[in-house]
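> Below is a structure I'd like to ask you about.
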Amino acid sequence: MTLEVKTALLPNGETLSYRERTGTEPCMLLIHGNMASSELWEPLLTHADMTQRFIAVDLRGYGESSYQNPIGDMKDFSSDLHQFVEQLGLRHVMIMGWSNGGGIAMQFAADYPDRVRKLILLASISTRGYAAVNSDGDRLKTKEEIVKDPGLAMTFQANQRQDRAYFAQAMDYLLFHERESDAATRVKYIDACMKQRNMVDAADAANRFNISSVSNGLADGTGELERIQCPVLVIWGVKDLITTQQMTEEIKEDFASHGKPVQYVSLDAGHSPLIDDLHGLAAAVQAFIAQP
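In terms of the numbering used here, the sequence shown has 345 at position 280, counting the first letter as 1, and numbering is strictly consecutive.
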């Protein structure tokens with residue numbers, strides 16, 4: 066199946082690239098994570114058993130989308146997505162966010178609760194964000210500290226010099242440790258890293274993100290989670306080396322504390338169930354979609 070790459074010009078001047086698969090409504094909006102792009106959703110978009118309409122979007126600063134204005138926080142991504150669904154005439158959507166995209170999906174569901182029918186969090190960052198830490202495990206508090214941290218700076222600099230070997234090695238350890246990927250898939254993942262233009266800004270936004278009602282050690286929670294009204298499914302791979310079990314438990318705990326228990330599915334997978342357990346991922350998504 067060939068997926069056409071389309072673009073949408075937003076009122077704020079940004080242009081978002083996206084891939085679409087036709088199918089049944091409501092549409093499911095797919096939100097990728099950091100060092101990623103809409104292209105990495107293709108295994109699900111082309112899965113023979115899926116009948117839903119899917120739209121996978123390149124966020125601002127990723128893939129083929131523009132980066133005219135730097136993002137300041139997750140709400141900027143959420144606002145982009147709201148303008149995007151307005152442009153496409155999507156009154157209601159289901160939304161699935163992967164990794165950092167899970168935080169963006171939660172922010173969107175909190176900002177525009179009347180638009181979201183169902184929310185799926187795949188290997189998602191916590192409701193309390195994704196902490197940027199130094200080599201001693203101490204929390205970095207500002208964007209300036211993030212930029213100056215030697216460990217994180219190695220990744221930012223590798224991105225700036227387009228160092229494919231650096232990201233290939235990192236992904237062998239972090240993403241491809243459970244199941245060997247084919248050469249074409251590896252190229253797509255590394256390409257996504259090369260095309261990202263907002264690595265520092267995205268790390269800072271994830272570090273400060275907190276829609277829970279508790280402190281994350283850096284900032285008090287905004288409590289915006291309370292505004293999320295739709296059913297929620299959390300999917301996590303038990304061999305994930307990027308988003309931890311603690312982060313997953315925080316999601317479940319924070320939703321439960323607001324009287325919003327989530328459904329939970331664990332997979333025998335790492336951070337990319339799209340590679341490690343596509344069948345299990347598709348089955349979990351289909352079962353959740355089918356629920357009234």
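Where is the CB? At the ideal position from N, CA and C, for every residue including glycine.
What is the DSSP secondary structure of Phe274, reduced to helix, strand or coil?
Coil, per DSSP.
> Should the stretch 131-148 be called in touch with the stretch 103-112, which here means at least 3 C-beta pairs below 8 Å?
Touching, no, given that fewer than three Cβ pairs across the two stretches are closer than 8 Å.
> For Val279, does the three-state DSSP call read helix, strand or coil?
Reduced to three states, the DSSP call for Val279 is coil.
> How long is the line joining the alpha carbons of His157 and Ala73, rounded to whole angstroms?
Looking at the two C-alpha atoms, the distance is approximately 18 Å.
> Tell me which residue opens and which closes the beta strand (DSSP E) that Lys213 is part of.
Looking at the DSSP string, Lys213 is not in any beta strand (DSSP E); the run it does join, the alpha helix (DSSP H), is 208-213.
> Tell me whether Gln225 counts as near the ligand FMN, meaning its Cβ is closer than 7 Å to at least one heavy atom of that ligand.
Questions concerning the ligand FMN fall outside what the structure shown contains, since it holds no ligand whatsoever.
> Evaluate contact between the stretch 251-269 and the stretch 146-153, counting only Cβ atoms and requiring at least three cross-stretch pairs below 8 Å.
As far as the Cβ criterion goes, the stretch 251-269 does not touch the stretch 146-153, which means the pair count is below three.
> Whole angstroms is fine: what's the gap from Phe119's alpha carbon to Gly345's?
Going by the C-alpha atoms only, they are around 18 Å apart.
> Please state if the CB of Phe173 and the CB of Ile160 are separated by a distance shorter than 8 Å.
Contact flag set, yes.
> If I follow the unbroken alpha helix (DSSP H) through Phe149, where does it start and stop?
Unbroken alpha helix (DSSP H) run through Phe149: 139-152.
> Is Phe353 helix, strand or coil by DSSP?
It is helical.
> Please give the ranges of any beta strand (DSSP E) in the stretch 93-141, keeping only runs that are unbroken, at least 3 residues long and fully inside the region.
List check, beta strand (DSSP E) in window: 117-122.
> Which value, in whole angstroms, describes the spacing of the CA atoms of Arg125 and Tyr132?
Going by the C-alpha atoms only, they are around 6 Å apart.
> Per DSSP, what kind of secondary structure is Glu315 in: helix, strand or coil?
DSSP places Glu315 in helix when its eight states are reduced to three.
> So, under 8 Å CB-CB, Pro300 and Ala270 are touching, yes? Tell me the CB distance rounded to an integer number of Å.
Just to set this straight, residue 300 is Ile in the shown sequence, not Pro. About 23 Å; that fails the 8 Å criterion.
> Do Ala170 and Ala268 come within 8 Å of each other at the CB atom, strictly closer than that value?
Contact: no.
> Using CA atoms only, rank isn't needed, just tell me which of Asp237, Ala321, Ile293 is closest to His336.
Comparing Cα positions, the closest option is Asp237.
> Checking contacts by CB at 8 Å: is Ala355 closer than that to chain D?
The displayed structure is made up of one protein chain only, and chain D is not part of it.
> On the three-state DSSP scale, how would you describe Gly166?
Three-state DSSP puts Gly166 in a helix.
> Candidates Asp123, Ser191, Glu210: which alpha carbon is nearest Ser200's?
Considering only alpha carbons, the answer is Glu210.
> Look up Glu289 in the DSSP assignment and say whether it is helix, strand or coil.
The answer is helix: DSSP assigns Glu289 an H, G or I state.
> Would Arg273 be called buried (16 or more neighbouring beta carbons within 10 Å of its own) or exposed?
So Arg273 counts as buried.
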